[in-house]
Amino acid sequence: ERPGLPGPAALRAALTAAVTEFRARDEALPEDRRTRAERDRIGHDIWSRTLADTELPLRAVHAAQSLGFLRAAPDFPVALLTAGSWLRLRTPYGSIALRRAGAAGGLGNLAVSVNG
């Protein structure tokens, strides 16, 4: 188990801040620059950021939230596990596994799998 992963409430707060930032940056774009490519660039910038002092990208936390693995209440244990080039965000409701960028045999910059 890797140290430094915030608790569920802090994970949800980080996601809320990221979504708020995405919307603000999108709304600040001039109309002629509101393209899929520009929105993808903004999304990549935000969702590729790592969380706290971990290597876990916000993209993985967003996936966990979208799949219902980060429940609003009550507070529950979350853990960041590693094995070789793999990271795993584990909650009582399911896990998100991903291979770190640059790992040999990966499927690009980030490979995500879901186990629920």
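Going left to right, the sequence shown walks through residues -7 to 108 as the numbering used here numbers them.
Think of the CB as a built atom: it goes at the ideal place given N, C-alpha and C, for glycine as much as any other residue.
Exposure label - Thr83; buried when at least 16 CB within 10 Å | buried
Top-ranked residue by Cα proximity to Ser77, from Ala89, Asp67 and Gly(-4) | Ala89
8 Å Cβ cutoff met for Leu43 and Leu50 = yes
Within 10 angstroms of the Cβ of Leu99, are there 16 or more other Cβ atoms? Answer buried if so, exposed if not.
-> Residue confidence for Leu99 is low, a pLDDT of 47 falling below 50, so the modelled location carries little weight; the figure read from the coordinates is stated next. Exposed, because fewer than 16 other Cβ atoms sit within 10 Å of the Cβ of Leu99.
Run of the beta strand (DSSP E) containing Ser58, from where it starts to where it stops | Taken as a continuous stretch (DSSP letters only), Ser58 belongs to no beta strand (DSSP E), being part of the alpha helix (DSSP H) at Leu50 to Ser58.
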